[in-house]
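The structure appears below as structure tokens.
Number of protein chains: 2
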Amino acid sequence: MSQKLPNRDAVSYGEAIRSKSVRVTKHRLLIMTALSHERLPISIRDLTKKVRSCNESTLYRSLESLVDAQLVRRVHLDGAAARYELSIDRPHHHHIQCVRCGLIQDVDICVRSKEEAVLRSTPAFASVVDHSLEFFGICKPCASR
Amino acid sequence: MSQKLPNRDAVSYGEAIRSKSVRVTKHRLLIMTALSHERLPISIRDLTKKVRSCNESTLYRSLESLVDAQLVRRVHLDGAAARYELSIDRPHHHHIQCVRCGLIQDVDICVRSKEEAVLRSTPAFASVVDHSLEFFGICKPCASR
DNA sequence: AGAGTATATGCAAATTATTTGCAAATAGCG
DNA sequence: CGCTATTTGCAAATAATTTGCATATACTCT
Ligand SMILES: [Mn+2]
Ligand SMILES: [Mn+2]
Ligand SMILES: [Zn+2]
Ligand SMILES: [Zn+2]
Numbered sequence: 740m741s742q743k744l745p746n747r748d749a750v751s752y753g754e755a756i757r758s759k760s761v762r763v764t765k766h767r768l769l770i771m772t773a774l775s776h777e778r779l780p781i782s783i784r785d786l787t788k789k790v791r792s793c794n795e796s797t798l799y800r801s802l803e804s805l806v807d808a809q810l811v812r813r814v815h816l817d818g819a820a821a822r823y824e825l826s827i828d829r830p831h832h833h834h835i836q837c838v839r840c841g842l843i844q845d846v847d848i849c850v851r852s853k854e855e856a857v858l859r860s861t862p863a864f865a866s867v868v869d870h871s872l873e874f875f876g877i878c879k880p881c882a883s884r
Numbered sequence: 740m741s742q743k744l745p746n747r748d749a750v751s752y753g754e755a756i757r758s759k760s761v762r763v764t765k766h767r768l769l770i771m772t773a774l775s776h777e778r779l780p781i782s783i784r785d786l787t788k789k790v791r792s793c794n795e796s797t798l799y800r801s802l803e804s805l806v807d808a809q810l811v812r813r814v815h816l817d818g819a820a821a822r823y824e825l826s827i828d829r830p831h832h833h834h835i836q837c838v839r840c841g842l843i844q845d846v847d848i849c850v851r852s853k854e855e856a857v858l859r860s861t862p863a864f865a866s867v868v869d870h871s872l873e874f875f876g877i878c879k880p881c882a883s884r
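Taken in sequence, the protein lines are chains A and B.
Those letters in the first sequence? Residues 740 to 884, by my numbering.
Those letters in the second sequence? Residues 740 to 884, by my numbering.
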């Protein structure tokens with residue numbers, strides 16, 4: 740799971756962005772490149788430290804666009820702030836976080852195959868377009884302490 | 740799925756709370772009773788309107804305790820604010836929300852059976868204690884509009 | 001390449017969400 | 001009932017997210 744960050748170049752992200760009919764801007768490229776350097780979902784607060792040239796409002800607005808375009812995923816773990824990670828270049832996945840120390844790791848379990856069952860059980864819905872899935876546990880160091 | 744709110748009395752919630760070695764207070768009983776009247780996860784902002792006698796700080800702190808005690812679940816759907824729902828009196832479940840209109844419905848699909856696989860794929864973790872799972876889709880009215 | 005238009009960004013301010021300190025109130029225990 | 005650990009109210013701090021508006025920029029068309 741995870742690891743092996745392809746670290747593509749900005750041009751390549753430009754193509755990815757354009758293909759979703761989202762405007763390719765300097766900031767969006769910077770944001771996606773910054774995210775590509777992260778191994779785990781990062782909060783906007785932390786991202787501002789990595790993309791200094793980008794105003795915080797722009798971060799919020801750009802990430803919103805990128806999430807809509809499915810180039811980035813928004814993840815809710817502990818704490819009130821959302822975190823973000825690239826959703827291209829690495830396989831779709833989810834996370835597990837230690838409730839004691841906050842450690843986060845990727846996990847490759849997914850529920851996409853359950854979407855059909857979801858639709859069967861909720862006749863009010865016509866389709867499933869996305870899902871969020873996060874596990875919480877206790878990491879080994881915390882368990883043996 | 741869902742529906743059929745047992746609407747138990749405060750005494751009964753008192754026992755549930757005590758059984759988790761959490762102090763039984765007037766506010767906690769009021770909060771759990773208020774939650775028992777909700778069909779869907781509710782934000783703290785909305786909950787303050789239902790539990791007028793309870794200070795907002797108390798709501799935050801009480802809900803934190805109740806979540807820790809697993810009597811309440813915290814749910815992240817659209818928007819920045821967390822929502823809360825009782826986690827007793829009705830079976831463990833998750834939700835699906837329409838990305839167009841915000842409609843929320845309960846879903847009985849779950850991933851508990853995948854926890855073992857999660858542990859196998861993340862050797863750094865000793866146990867899984869919880870998970871969050873939410874689906875997003877398009878409801879039929881929105882789909883045919 | 002240049003003009004025109006829709007969209008993005010900076011900046012400051014507003015709003016919303018959550019957390020905290022501390023004194024007073026209360027629950028649980030004997 | 002009296003004691004002690006917790007909880008609560010209140011006000012204030014902090015954190016997170018959103019918004020208005022003037023300016024800058026991306027993309028389309030010529
Ligand atoms: Mn990840
Ligand atoms: Mn529910
Ligand atoms: Zn998935
Ligand atoms: Zn579940």
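Ideal Cβ placement from N, Cα and C applies to all residues, glycine included.
* **CB contact check: residue 787 of chain A to chain B, cutoff 8 Å** => No, its Cβ sits nowhere closer than 8 Å to a Cβ of chain B.
* Are residue 842 of chain A and residue 878 of chain A close, meaning C-beta to C-beta below 8 Å? -> Taking a C-beta distance under 8 Å as the contact criterion, residue 842 of chain A and residue 878 of chain A qualify as a contact pair.
* Using beta-carbon positions only, say whether residue 874 of chain B and residue 846 of chain B come within less than 8 Å of one another. => Cβ distance < 8 Å, so residue 874 of chain B and residue 846 of chain B count as in contact.
* Using a Cβ-Cβ cut-off of 6 Å (strictly less than) and excluding sequence neighbours within five positions of residue 797 of chain A, which residues of its own chain qualify? -> Excluding residues within five positions, the ones whose Cβ falls inside 6 Å are 766.
* To do: List the DSSP bridge partners of residue 876 of chain A.
  => Its beta-bridge partners are A:837, B:867.
* To do: Could you check which residue in B:882, B:759, B:850, B:819 has the C-alpha nearest to that of residue 872 of chain B?
  => The residue with the shortest Cα to Cα distance from residue 872 of chain B is B:850.
* To do: Could you tell me whether the Cβ atoms of residue 833 of chain A and residue 815 of chain B are closer together than 8 Å?
  => Going by C-beta atoms, residue 833 of chain A is not nearer than 8 Å to residue 815 of chain B.
* To do: Check whether the Cβ atoms of residue 763 of chain B and residue 753 of chain B lie closer than 8 Å to each other.
  => Judged by beta-carbon spacing, residue 753 of chain B lies within the 8 Å limit of residue 763 of chain B, meaning their Cβ atoms are closer than that value.
* Asked: Grouping DSSP H, G and I as helix and E and B as strand, with all else coil, what is residue 782 of chain A?
  -> In the three-state DSSP reduction, residue 782 of chain A falls in the strand class (E or B).
* Cα-Cα separation between residue 839 of chain A and residue 881 of chain A, rounded to whole angstroms -> Between the alpha carbons of residue 839 of chain A and residue 881 of chain A lies a gap of roughly 7 Å.
* Does the Cβ of residue 884 of chain A lie closer than 7 Å to at least one heavy atom of ligand 4? -> Outside the cutoff, so no.
* Please say whether residue 755 of chain B and residue 827 of chain B have beta carbons closer to each other than 8 Å? => Their beta carbons are under 8 Å apart, which means residue 827 of chain B touches residue 755 of chain B by this criterion.
* To do: Give the interface partners of residue 853 of chain A over in chain B, defined as CB-CB distance under 7 Å, in chain order.
  => Simply 848.
* When you check each C-beta in the stretch 861-882 of chain B against every C-beta of chain A, which residues fall closer than 7 Å? -> Closer than 7 Å at the C-beta level to chain A, one finds these residues of the stretch 861-882 of chain B: 861, 863, 864, 865, 866, 867, 868, 869, 870, 871, 872, 873, 874, 875, 876, 877, 878, 879, 882.
* **Three-state secondary structure (DSSP) of residue 769 of chain A** => Residue 769 of chain A falls in the helix class under three-state DSSP.
* To do: Would you check whether ligand 1 has a heavy atom nearer than 7 Å to the C-beta of residue 832 of chain B?
  => No, the Cβ of residue 832 of chain B stays beyond 7 Å of every heavy atom of ligand 1.
* To do: Could you work out which residue in A:844, A:856, A:799, A:868 is closest to residue 858 of chain B when comparing CA atoms only?
  => Selected option, being the one with the closest Cα: A:844.
* Asked: Taking C-beta to C-beta, are residue 811 of chain A and residue 795 of chain A nearer than 8 Å?
  -> Their beta carbons are not under 8 Å apart, which means residue 811 of chain A does not touch residue 795 of chain A by this criterion.
* If you drop the 5 nearest sequence neighbours on each side, which residues of the same chain put their C-beta closer than 8 Å to that of residue 744 of chain A? -> For residue 744 of chain A, the predicted model reports a pLDDT of 49, less than 50, meaning its position is unreliable; a value from the coordinates is still stated below. Within the same chain, 775, 776, 778, 828, 829 come within 8 Å of residue 744 of chain A by CB-CB distance, once the 5 residues on both sides are set aside.
* **Beta-ladder partner(s) of residue 824 of chain B, from DSSP** => BP columns for residue 824 of chain B point to B:812.
* Asked: Under a CB-based cut-off of 8 Å, is residue 790 of chain B close to chain A?
  -> Taking 8 Å as the threshold, the shortest C-beta distance from residue 790 of chain B to chain A does not fall below it.
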